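Novice: Numbering follows the numbering used here, in which position 486 of the sequence shown is assigned residue number 611; successive positions increment by one, without gaps. Here it is, the structure in full.
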Amino acid sequence: MSKRAVIFGLDGATFTVLDHLIQHGALPTFQRVFGGGTRGILESSIPPLTPPAWTSLVTGRTPANHGIFNFLQYESKDSSFVRMVTSRAIRTETLWSMVNRHGVRACALNFVVHNPAPKIDGCCIPGWVPWRWVKTQSHPKGIIDTLRRTIPGFDVKEMAMNFSEEEKAISGTFHEDYEQWIDLHIRREKQWFSAWKHCLEHEPAGLYAIVFDGVDKLQHLCWPFLDPAYAPRQRDEKYERVRERCWDYFRLVDDFLRQTLEIVGPETHVFIASDHGFTGTHEILYINNWLEKQGYLTWAEGTPIEEDESHELGAVRPIQRRGFNFVHTRAYASFASCNGVFIPIRGERGREGVAPEDYRRVRDQLADDLLHKCAHPETREPLVTRVWTREQAFPGAEGNANAPDLTLELRDKGNVSVLRASTWYKPRQQIMGCHHPDGIFGAIGPGIRAGTQAERLRLIDIAPTVLYALGLPIPSDLEGRVATGVFSQEYRDANPVRSGEPTQPVNARDAGTGGEGDSGGEEDPQVLMRLKALGYIE
């Protein structure tokens, strides 16, 4: 029997929540997998953001090489215009085509930055695609029609998203609306699982992979209901109802895992992974206001003051570059998602900025100021706990306009705000969930050591580990390594790691092509609406 592997992806999953639910008996399947297999921390990308993180997982490469840093990217080094990233922006080979080259079919569902779907040997239904583009951006061409014919109740619209309902989440909706919003994600995940189950049962493949992204959405809004550290001492009926509905969602995902294991059987390697973890954020750093206070930034005349906490639920909230007076600006932040600060270089994009010969001096001084001067206005405790230069965060991306000059880590792991506000700091009115660099890893299957704690792994280690589980050689240019420690010594002796040829250059087949009249999602107003509803753009 040919070897098979499954990637069971959970966007934003964290042991903080899963272990709490396991202790209360709510997740018997996860408990069985973690007890009968292995588990450990899966270190996210810098920063822990969905597009670069999942792309790192499926390529075994870092953002400097695969080219995905954010939901949005500048069109070129000399352009001030941004557009949403699509599969065409991925510069390195993905797992799907790696296994295809060895005669192994692949099925990939609900991965970000996969629209239009790559023309792989297998099937791909991309995530982050509005319902009216799902049919034209999925592969093969007739897969959505097949799902409609064969799955009772299959609804592409429900799979895609209800924008007006999702928008309630980021505006701090009333507790009585929480249950309805959670139900929205429960229905959506059921649609994705129905497609997933169909592929497992009717699409012969050696590699199956899916991402359930409702985990991330629920934790952003409902973190105080999920993290026991934030549970109130006095729990009223409304709190208990919302918490129970959150648990219902996770119970459902646990059942998805149970059914998946039953279908694929014990001879299949199953890997559970999240792109990042989660924690709670309790304060807002208006980074551009702080830069202004320190003399690094001058706002353009007429830039409005917009204090809005709702952007934290999302990941990308760009402020247009026209909001800054570049004659008097030496540093600015455009995207809340990446916690990145950019330093304008004089002459680039036809504007003023820092003289090239002064760049390193300004950057190093700013990094020092962020670490030592960006402090809580009362306690004087540092708000910024770590600063990476571009070379440190993204080795090899020195000339890439989409890589920030400096990347920040805040003390509560939250995202900065790039909006202009009346202050540079304020506490949050309520705790919200935000991304944490520690995601989860779990594995069960042939040769997997039972009941063990895996060493700390990186997202880029997943691709080579999956290839190893499939008995395939590891491309010599992958930056990740096989997680040999999760396999028994006996298994490793019988299945030594084999090094192979480098990955293949990306071509049109890898990137995919949209259907007739399809924009690839890059400029589609429905995509823009979804990003805005999630707080990803203004």
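Cβ coordinates follow ideal geometry from the N, Cα and C atoms, glycine included. Owing to the predicted nature of the structure, the values given are computational and were not obtained by experimental measurement.
Work out the CA separation of Q198 and S205 for me, nearest whole Å.
Specialist: If you take the alpha carbons of S205 and Q198, they lie about 10 Å apart.
Novice: By the 10 Å Cβ neighbour count, where 16 or more other Cβ atoms means buried, how is E641 classified, buried or exposed?
Specialist: Note that E641 scores 37 on pLDDT, short of 50, meaning its location in the model is unreliable; the coordinates nonetheless yield the value given after this. By the neighbour-count rule (16 or more Cβ atoms within 10 Å), E641 is not buried but exposed.
Novice: Short check: CB of I585 to CB of R216, under 8 Å?
Specialist: Contact: no.
Novice: Which residue or residues does DSSP assign as beta-bridge partners of D489?
Specialist: According to DSSP, which records beta bridges pairwise, D489 is partnered with nothing at all.
Novice: Cutting at 7 Å between CB atoms, please list the residues of its own chain near H561, excluding the five before and the five after it.
Specialist: Correct list, in chain order: T139, P173, H401, G402, F403, T404, K538.
Novice: To the nearest angstrom, how far is it from the Cα of P153 to the Cα of I147?
Specialist: The alpha-carbon atoms of P153 and I147 are separated by roughly 7 Å.
Novice: Report yes if the CB atom of Y593 is closer than 8 Å to the CB atom of V611, and no otherwise.
Specialist: No, these two residues do not count as a Cβ contact at 8 Å.
Novice: Looking at the structure shown, is R476 part of a helix, part of a strand, or coil, going by DSSP?
Specialist: Three-state result, R476: coil.
Novice: Let me check one thing: in DSSP terms, what residues is E408 bridge-paired to?
Specialist: Note: E408 sits in a beta bridge opposite P552.
Novice: Using the C-alpha atoms, what's the distance from V229 back to E392?
Specialist: Roughly 17 Å separates the two Cα atoms.
Novice: Under the three-state reduction of DSSP, which class applies to T423: helix, strand or coil?
Specialist: It is coil, neither helix nor strand.
Novice: Between the beta-carbon of H239 and the beta-carbon of C232, is there less than 8 Å?
Specialist: For H239 and C232, no; Cβs fall outside 8 Å.
Novice: Flag this pair as yes or no: are the beta carbons of T180 and I193 separated by less than 8 Å?
Specialist: Yes, these two residues count as a Cβ contact at 8 Å.
Novice: Express the C-alpha separation of P429 and S547 in angstroms, rounding to a whole number.
Specialist: S547 and P429: Cα-Cα distance of roughly 10 Å.
Novice: Considering only their Cβ atoms, is the gap separating G564 from S399 smaller than 8 Å?
Specialist: Yes, the pair counts as a contact, with Cβ atoms nearer than the cut-off.
Novice: Between the alpha carbons of E301 and L533, how many angstroms are there, rounded?
Specialist: Approximately 36 Å between the Cα atoms of the pair.
Novice: With DSSP as the reference, label Q148 as helix, strand or coil.
Specialist: In the structure shown, Q148 sits in a helix (DSSP, three-state: H, G or I).
Novice: Within 10 angstroms of its Cβ, does A80 collect 16 or more other Cβ (buried), or is it exposed?
Specialist: Given that the chain is displayed from residue 126 to residue 663, the structure contains no residue 80 and the question cannot be resolved.
Novice: To which residues of the same chain is A214 closer than 8 Å at the C-beta, ignoring the five residues directly before and after it?
Specialist: G192, I193, Q198, V238.
Novice: What are the boundary residues of the beta strand (DSSP E) that includes W221?
Specialist: No beta strand (DSSP E) holds W221; the alpha helix (DSSP H) holding it covers 220-225.
Novice: Could you check whether the stretch 319-326 touches the stretch 356-364, counting it as contact only if at least three pairs of C-beta atoms, one from each stretch, sit closer than 8 Å?
Specialist: No: fewer than three Cβ pairs fall under 8 Å.
Novice: As a quick exercise: from R488, R471, S601, pick the residue whose alpha carbon is nearest that of G465.
Specialist: When only C-alpha atoms are compared, the closest one is R488.
Novice: Rounded to whole angstroms, how far is the Cβ of N414 from the Cβ of R505, which I believe are closer than 8 Å?
Specialist: About 18 Å separates the two Cβ atoms, so there is no contact after all.
Novice: Which runs of the alpha helix (DSSP H) spanning at least 4 residues fall entirely within the stretch 310-377, listed in chain order?
Specialist: Runs found: 339-351.
Novice: Would F337 and V378 qualify as a contact pair, given that the criterion is a beta-carbon distance under 8 Å?
Specialist: Yes, the Cβ-Cβ distance between F337 and V378 is below 8 Å.
Novice: Compute the distance between the beta-carbons of I245 and F396, then report whether it is under 8 Å.
Specialist: It is not a contact, given that the beta carbons lie outside the stated cut-off.
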